[in-house]
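Residue numbers (this note's numbering), protein chains in the order written: chain A, 87 to 401; chain H, 87 to 401; chain U, -19 to 620; chain E, -19 to 620.
Accompanying notes for the structure given below.
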Amino acid sequence: MSCSLFHLAEAEDDRVFEMSDYQGPVARWCSGCGDHSVLTSVQRILTDSQAKPESTVFVSGIGCSSRFPHYLTTYGFHGIHGRALTLATGVKLSRPELDVWVVMGDGDCVSIGAGHWIHAVRYNVDMVALMLDNNIYGLTKKQTSPTTPQGYKSNTQPYGSYLPAMNPLEATLGVTNASFVAQTAEWLPAHLFATLKAAHEHRGFAWVRILQRCPHFTADMYGDVVKDPSRVEMLVHDDGITVPALDKIIEHRVTHDPKDIHRARELAEESEQIRLGLFYRDESRPRYEQTRSLPHHTADEKMAIMQQEFDRYAV
Amino acid sequence: MSCSLFHLAEAEDDRVFEMSDYQGPVARWCSGCGDHSVLTSVQRILTDSQAKPESTVFVSGIGCSSRFPHYLTTYGFHGIHGRALTLATGVKLSRPELDVWVVMGDGDCVSIGAGHWIHAVRYNVDMVALMLDNNIYGLTKKQTSPTTPQGYKSNTQPYGSYLPAMNPLEATLGVTNASFVAQTAEWLPAHLFATLKAAHEHRGFAWVRILQRCPHFTADMYGDVVKDPSRVEMLVHDDGITVPALDKIIEHRVTHDPKDIHRARELAEESEQIRLGLFYRDESRPRYEQTRSLPHHTADEKMAIMQQEFDRYAV
Amino acid sequence: MAIKLDTVGSAEDAGQGRVAPRILETRDHSVEIVSDSGEGAQKCGQIFGSVSAKMGNGVWTVEIIPAEVEPPPRSLAGASGIRIRLGDRPVTNWGDETDLVVAFNEQVLLGRHRLNSLKQGATIVLENMWASHPDEAVRNQWQAAMEELTEAGYHIIGVPMEDLCLTVVDNARKGKNMFALGLLCWIFDRDVDKAKEQIEHAFRKKSQAVVDKNHELLDLGYEWASQNLGFRVQVPTMEAERDMVVMNGNEAIALGAVAAGMELAAMYPITPATSVSHHLGEIFERFGGVLHQAEDEIAAAGVAIGASYAGRCAFTITSGPGLALKTEFLGLAVMTEIPLVLVDVQRGGPSTGLPTKVEQSDLLAAMFGQPGDAPKIILAPATIEECFHSMITARRLAEIFRTVVVVLSDANLATGVAPFHRPELLPEWQGGPPDQSAVPNDGRPYDWDERTGLSDRFIPGRPGGMHTVTGLAHDERSKVAYDSAINERSSAMRSRKLAAFSSTLLPPPVYGDPEGDLLVVGWGSTKGAIEEAVDRVREEGLNVSSLHLTFLSPLPPGLKEIFSRFRKVMTVEINYSDKPGEPFVNEQNRRRGQLSFVLRGTTLVDVDCWTRVLGEPLRPSAIVKAIKENLPEGTAGEES
Amino acid sequence: MAIKLDTVGSAEDAGQGRVAPRILETRDHSVEIVSDSGEGAQKCGQIFGSVSAKMGNGVWTVEIIPAEVEPPPRSLAGASGIRIRLGDRPVTNWGDETDLVVAFNEQVLLGRHRLNSLKQGATIVLENMWASHPDEAVRNQWQAAMEELTEAGYHIIGVPMEDLCLTVVDNARKGKNMFALGLLCWIFDRDVDKAKEQIEHAFRKKSQAVVDKNHELLDLGYEWASQNLGFRVQVPTMEAERDMVVMNGNEAIALGAVAAGMELAAMYPITPATSVSHHLGEIFERFGGVLHQAEDEIAAAGVAIGASYAGRCAFTITSGPGLALKTEFLGLAVMTEIPLVLVDVQRGGPSTGLPTKVEQSDLLAAMFGQPGDAPKIILAPATIEECFHSMITARRLAEIFRTVVVVLSDANLATGVAPFHRPELLPEWQGGPPDQSAVPNDGRPYDWDERTGLSDRFIPGRPGGMHTVTGLAHDERSKVAYDSAINERSSAMRSRKLAAFSSTLLPPPVYGDPEGDLLVVGWGSTKGAIEEAVDRVREEGLNVSSLHLTFLSPLPPGLKEIFSRFRKVMTVEINYSDKPGEPFVNEQNRRRGQLSFVLRGTTLVDVDCWTRVLGEPLRPSAIVKAIKENLPEGTAGEES
Ligand SMILES: Cc1ncc(C[n+]2csc(CCOP(=O)(O)OP(=O)(O)O)c2C)c(N)n1
Ligand SMILES: Cc1ncc(C[n+]2csc(CCOP(=O)(O)OP(=O)(O)O)c2C)c(N)n1
Ligand code: SF4
Ligand code: SF4
Ligand SMILES: [Mg+2]
Ligand SMILES: [Mg+2]
């Protein structure tokens, strides 16, 4: 009974999906907002992988970036602020055959959502988790986020942010059972695409921080970096994320084996250049949903087991 | 007006406090519970530092360990599960002259409290935060905690814990602005004392994980280690925590400069021996409450400023 | 003052030449076994209860749980134990005071006495080793306790349990409980073979040697009692009509969840709800179910909602503080119309409150906790049997009405153990796999039926049904509503579901006459105690009836009409209310019992309330007293 | 169909030989300026409002905020703008529809039309560059919009704003707003110098060149209007009696917090509450205050409670979803009796709901959100001025009664701007430093006064007062209560405080006659609109009065008595209720407006309700209609 379901979902399918098949209504982000670029990249990946729209679920929190699912034609769950990872865990745990993506803002993921973030990394449930990091609260209009640079002025800290920005890469790499940690930037579409693709192919919890421009509130934040490729350093390795298109543009490169967690943590530290690439990947980490792969019984089989249970309580 | 207060609190005081001055009602933990030992150690430190009971505040969450404040004669705030650090932050932020300690269980600090833990490390508010880690939920009777070893049976995961235990040292060391990270064990009172003393002297957020026995539910967990000192390795350094009393007993020792964050992270990883000592200390990290040290005005002065404010809105 | 103790077990009383024991015949008898934590009083009582149930007595068992995991030994507040109430009819509640106590030390006994748990003149079987304990402090404690207890008029029988047990085992602390069981078996004439079977079951994970030793201790206690005790108790038994099972309310919820076809339970440990997950932890995976212990209660709610969104039947279990943390997520589930069952095993509040004690004070929070209008279905099982069935009902309602169903159990049901008819399990309760059929063209994810507010769900996997659910105000297509008038309509659609559901409910049956002087209205676990109280006062000739509500939101129809047939209506609840006559309290500012407030607002009938928050289940005798004090003036039989 | 447009600005109309403009005299006029986001319509309106207030008009300004940060240009749902209502008396609400609109494109205008924001026959001053836009799609949109708008009967005046502005600046998008301001200054005969002063203030952080350009644009608009427009509007002004200030409700709360001597504000950003913290962020530190943006709302509550425990006066600010997250901590504050002020700027619910829109639907959640009994004080400011004063009241009550005080503001007050009397600030509002005196021997941290439940706090630092506060049930010494009967008593003590407080309140004054056919009861920001509606129907001869409640918990005394003097009582609220006559809805299962439910339960009076959740403030005209439809049968003047 319940088994047939999975066959259904796996049934042969001769549909061919174009990119337009994943495009929903016009995205209502500000013009120039980096979220547009991420959306396009994700739509390309869906096309590339011929993802079935009905078997793909995008879960998000609340924020500009969390409007993401509305602009796709897959299933979507626009949840509540900070809790996207919990919803996504529920989806994937109960329907492992679905392809689950999570889209969060920086406030969403590492401020109000910090506890779930740490634990989702630990659970290592197979999904892609994108943190669209514009270093600010966009939707609520320019408040400091944990990743806001120290001294940067916002509406809640108008004399400048008090603390050094949290480095979410380092923190993620500190969590036991982390299995995929990468950083990319939306203004480098080739790198973005390659990173998302690697994340999507990863079996486990793939956490990607995407540096994202918010021209509306922090136009000054990444302006220089975007113009000046020498401000970026790429992590390169045969086992890493390779982006030939950028080989000529980005001169700073550092070879890094994504299996090396110690080096990954060092590289994750603040540095002169912004480092992009795959910091860490380990597909051998236990995945929570694997440890929970459970028998499928028919209702009648369950009835029989249940009678045994009741026998234990019989008077 | 408001300034005189601080003079009051600083006034000369010829009281001399004995350890008994800090001892409240008999602690109602199980016999053999490691919490007793921590309590004693803390009372020794209070005596040593001649802490004024009225200027000392212990804040806790909910759990066996969180009963801590009830067994002292200082001010105490037995809060709610997972939120002790937020309450403590409020106390210290608004009354920097108070000496603030936080006591949490492992569930309290790194499960339900995970978000606050990460952020408290980042805020680096001057206080001592103790995580009494018995690798289990004690008060609610043996459920898996994030630090429960993989495979260990509990009432909620009776076939064994699914995931590798979270290593809270690594995670804490991954948080930007961490300033004091140490690990000790309650069954080594000399080490415990020295560690708590260093934590107490630290200016900033001193986070200490205390390995703690729970004979009631996990009698088997630390039994061997307690009996066999060769299962322990001590971090030693001139700048670290020195415990001469243990020099003869604990043979495994590794020299570690607590300024070295990279090495700290490596040492924090799971290892054959349990590593105790000071992993990291940096007193130069900005403290949130410092960035907020604010003018003290009399009511009349405030009135005057307020009139200026109102002028801005005058019709 | 000299202490008079019935020191049976001394040479004089023992031996052959005994007269036949006095036999007390009674239809209702309560026994407590109290000890320090870790001495196994609970296991003793559980076996005694099971055997009694098997023999045809009505039984209600409730654990006595100290606040700490392992309180200091011999402490007043440290009593760990169990109360078993036996009857010649089904027993529905823990009753009043205890008739017979077996106590392993005098301090825990004293604690029970001071909590008014023991009946005047109760018989107490007490370990008497403490009287001659080497530690003088202990001897003094004993002496003082004896004075207080004797003064109180109990009939105390000292027994050298430890010494006797040491003839069989080395560690008497671990054996006394089986000795006590033997003793009780003799007193109540229980079938020793049945008791031995239960011991085997209880120690099934231990070696045969352990089982044997326990059997031996049982025999010892039985034997000793038969030789030394001068009384026995006889509670007539019933013929069991059909198969019975015996369990506590949390076990019933766990089994109910499985029987209801639930597929995922997400929780975070919290007393007194946690043991539901202990039971599920043991059995759920056999059925293919996932028990997820989340990092906190918020995450537990999120995981359950995520699973339910994905078409699996999911629920979350918690108690007060956890309910508080789930507040925001419940609003999301209501808004997105994702079915969700939430079980709240209520405890004493507010805040951390009384974690192990019963209270019924989460009704208003469940009903009104969410900012904004978040209509939910709320139901409360009244018995352990209903704990089981409420899960099946809750699942169905959650799915049909696409909303949150809150099941309000409480600590009384959670730890109470009683036999009930073995339910006939129906395979259709299981439900099928998530609907994965293609959505017809132009289907809308909230295709609200204008009359009922109902609509079909588009579960991920259904081709053509793709849409994004959102907690923002949205229209039938789940599109964010920029035209905010849609908010009025979608709010109405969500609310309409409750009106539609209420139209399917019947007026609840009145217990007792359909009209009279006083109607006592209750909800949840107090049903047994209220109806027992009503029986008692009706026997005294008072025109009192009761009404028990299973559905709290929406309320069933006909209440106003039922109320109109009584001169006075009053709720009896275990939650807080201001008492009339207290300083500054008047009819206008009085803060009332939770159900009474809801009933007043709904029916405009002057529903009074009698409530207590004493951290224990209501006693029928206390309700009797409350009824008599609250009879409207001029009531016939008032002075009877 | 041909479009008829008053294309002033064309050669024919301009020039010397103009006749004097028509002058419309009116006591009440509403103006909207709408544009794409980023075009500065709000700044234009704010300056216009300030100047009008300074000149002696009653003013109410409210922002029109799109849901996205920067919606696509020229989109129906993207209108960003402002409405200014002017009157010859103090204006207390946003009124009904708009009389005059200045629109920068026809799409946002169309959006406003479709939301029924514009009065039949309203005058519209519209940028007409779109009519000849190079993009055909734009021209077609324009064409279609004109048809719809003309059909609707508006009086549309096309103006080539962009072209005109380009004569002064390079980027006309950034200049139009000042042109529009000039235009409005001419129409309403505003003092241009005052407007220029305001421009200087608004651009104080910019260069003098910027200020000059803006002055120039203002002059250009003024000049152009004087040459081209055929009408002016005259709203008589009042003599200002004393100093006035003008601000929105969130600014008033921020200033109120400072005036109340608050020392710490902990929050997490959430619309529409956040701007309170923006204002505090700017000014709080000057007063020595700490604004703490926490990692989430739970932490914000914890930090505020921690600070308050430590003797500093602290508060937290949030809106619905944040209130939900604070549920558990509020229970702790009530249980430990730590004073805490919580400001909830209500928005549309449930769940994420309508974040920028007004609703009054957190009343029940504030009152009953906590599991267990958690009595709190709840008050709701009704005006912007009351937003200011409510902070001072809230602080005092929180500290005197050692409890949580919830201040329920809403999005209407938050963004509404109106002048009010400049408050006289009192130094005693500031409070002193934390009490650090030694506690007398044997002092108890909860030394409850038996009558009032009040007790003194032992703040850390006080020698001899050391104790541990706890959310567990506890006794006077703050010791964990093992004797659970203490729970009944301590619950009573916490509840008693509300009864004691309510005894200090006076019955609220009735607006209108003290008796009559219908009493309209309201709370919060609807006061102005309700009283305006009552004025209108009273002028028509109806016997209708209104009653506005500031305190919702506890309720003030005397309500039942007041209600009894009216034939019908009905609340008017911006929250959800089932409407009579809807399918399956009947008197018994109808889900009612939040205040109405509370009043029914409290007074047993059949308090009806008329509620709407349209995501906008109530319009007086809608209330007038509701009143007429809800008059009890046989009402005198019913058919007038
Ligand atoms: C519980 C709750 N708290 C606060 C908010 C208000 N809120 C909405 S989005 C947001 C933060 C947005 O910042 P971020 O997560 O970085 O996303 P961005 O908008 O920058 O993409 C906040 C605080 C909310 N909706 N719910
Ligand atoms: C919000 C909330 N959730 C759950 C609980 C129940 N609870 C009390 S203590 C505890 C965990 C105890 O474990 P830990 O924090 O490790 O402390 P320990 O008892 O082991 O010292 C839990 C889950 C609670 N009191 N409040
Ligand atoms: S405010 Fe910033 S993050 Fe939000 S849509 Fe605009 S540019 Fe993007
Ligand atoms: S249960 Fe464990 S942690 Fe709790 S008091 Fe007992 S030994 Fe200590
Ligand atoms: Mg952001
Ligand atoms: Mg623990």
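Each residue gets a CB set at the ideal place from its N, CA and C atoms; glycine is no exception.
- Answer with buried or exposed for T582 of chain E, where buried requires no fewer than 16 other C-beta atoms within 10 angstroms of its C-beta. With 16 or more other CB atoms across the displayed protein chains lying within 10 angstroms of its CB, T582 of chain E is buried.
- Should H205 of chain A be flagged as near chain E, meaning a C-beta pair shorter than 8 Å? No, H205 of chain A lies away from the interface with chain E (no Cβ there is under 8 Å from its Cβ).
- Which residue's Cα is closest to the Cα of V149 of chain E: E:C165, E:M109, E:K193? Selection E:C165, E:M109, E:K193 evaluated against V149 of chain E yields E:K193 as nearest (Cα-Cα).
- Task: Check each residue of the segment 540 to 553 of chain E: if its Cβ is closer than 7 Å to any Cβ of chain U, include it; give the result in chain order.
- Result: Per Cβ criterion, the list reads K540.
- Where does Q116 of chain A fall in DSSP's three states? Contrary to the premise, residue 116 of chain A reads as Cys rather than Gln in this sequence. The answer is coil: DSSP assigns C116 of chain A none of H, G, I, E or B.
- Item | Reduced DSSP category for L202 of chain A - H, G, I as helix; E, B as strand; rest coil | Looking at the sequence provided, one finds His at residue 202 of chain A rather than Leu. Secondary structure of H202 of chain A (DSSP, three-state): helix.
- Which residues DSSP lists as bridging D8 of chain E, in chain order: DSSP, once it has assigned bridges, lists E:G67 as partnering D8 of chain E.
- Query: So, is S417 of chain E buried or exposed, given that buried needs 16 or more other C-beta atoms within 10 angstroms?
  - Reply: Result: exposed.
- Task: Using a Cβ cut-off of 8 Å (strictly closer), state whether L310 of chain E contacts chain H.
- Result: By the rule that beta-carbons nearer than 8 Å mark a contact, L310 of chain E does not touch chain H.
- Query: Can you tell me the Cα-Cα spacing of R545 of chain E and L527 of chain E, whole angstroms?
  - Reply: Taking the CA atoms as reference points, R545 of chain E sits about 12 Å from L527 of chain E.
- Task: Spell out the partners DSSP gives P407 of chain U in its beta bridges.
- Result: According to DSSP, which records beta bridges pairwise, P407 of chain U is partnered with nothing at all.
- Message: Which of the three DSSP states is assigned to R371 of chain H in this structure?
- Response: It is coil, neither helix nor strand.
- Taking the C-alpha atoms as reference points, what is the distance between L478 of chain U and W503 of chain U? The straight-line gap from Cα to Cα measures roughly 19 Å.
- Going by DSSP, what residues sit across from M105 of chain H in a beta bridge? DSSP, once it has assigned bridges, lists no residue as partnering M105 of chain H.
- For D515 of chain U, the nearest candidate out of U:P600, U:N467, U:S533, U:M347 (CA to CA): It is U:P600.
- Task: Put H383 of chain A into one of helix, strand or coil per three-state DSSP.
- Result: H383 of chain A falls in the coil class under three-state DSSP.
- Item | Heavy atom of ligand 5 within 7 Å of G149 of chain A beta-carbon | Taking 7 Å as the cut-off, one finds at least one heavy atom of ligand 5 near enough to the beta carbon of G149 of chain A.
- Message: Classify Q393 of chain H: buried if its beta carbon has 16 or more other beta carbons within 10 angstroms, exposed otherwise.
- Response: Residue environment analysis places Q393 of chain H among the exposed positions, since fewer than 16 neighbouring C-beta atoms fall within 10 angstroms of its C-beta.
- Anyone know if the C-beta pair for W316 of chain E and T450 of chain E falls short of 8 Å? It should be pointed out that residue 316 of chain E corresponds to Thr in this sequence rather than to Trp. A distance below 8 Å separates the beta carbons of T316 of chain E and T450 of chain E.
- Cβ pair I380 of chain E, I179 of chain E closer than 8 Å: Result no, Cβ atoms of I380 of chain E and I179 of chain E do not sit closer than 8 Å.
- Message: Are the CB atoms of N210 of chain H and R373 of chain H within a distance shorter than 8 Å?
- Response: Yes, these two residues count as a Cβ contact at 8 Å.
- Query: Exposed or buried, what is L364 of chain H when buried is set at 16 or more other beta-carbons lying within 10 Å of its beta-carbon?
  - Reply: With 16 or more Cβ atoms within 10 Å of its Cβ, L364 of chain H is classed as buried.
- Query: What is the residue span of the beta strand (DSSP E) that H295 of chain A lies within?
  - Reply: As written in the sequence, residue 295 of chain A is Arg, which differs from the His given in the question. From DSSP, the beta strand (DSSP E) with R295 of chain A extends over 291 to 297.
- What in chain U is Cβ-close to G363 of chain H, meaning under 8 Å? Residues of chain U passing the Cβ test: none, with the nearest at roughly 29 Å.
- Message: Measuring straight from C-alpha to C-alpha, what distance separates V387 of chain U and A237 of chain U?
- Response: V387 of chain U and A237 of chain U have their C-alpha atoms spaced approximately 12 Å apart.
- Which runs of the beta strand (DSSP E) spanning at least 3 residues fall entirely within the segment 319 to 349 of chain U, listed in chain order? Complete beta strand (DSSP E) runs here, min 3: 320 to 326.
- Task: Report yes or no: is there a C-beta of chain H within less than 8 Å of the C-beta of H258 of chain U?
- Result: For H258 of chain U, a Cβ of chain H is located within less than 8 Å of the residue's own Cβ.
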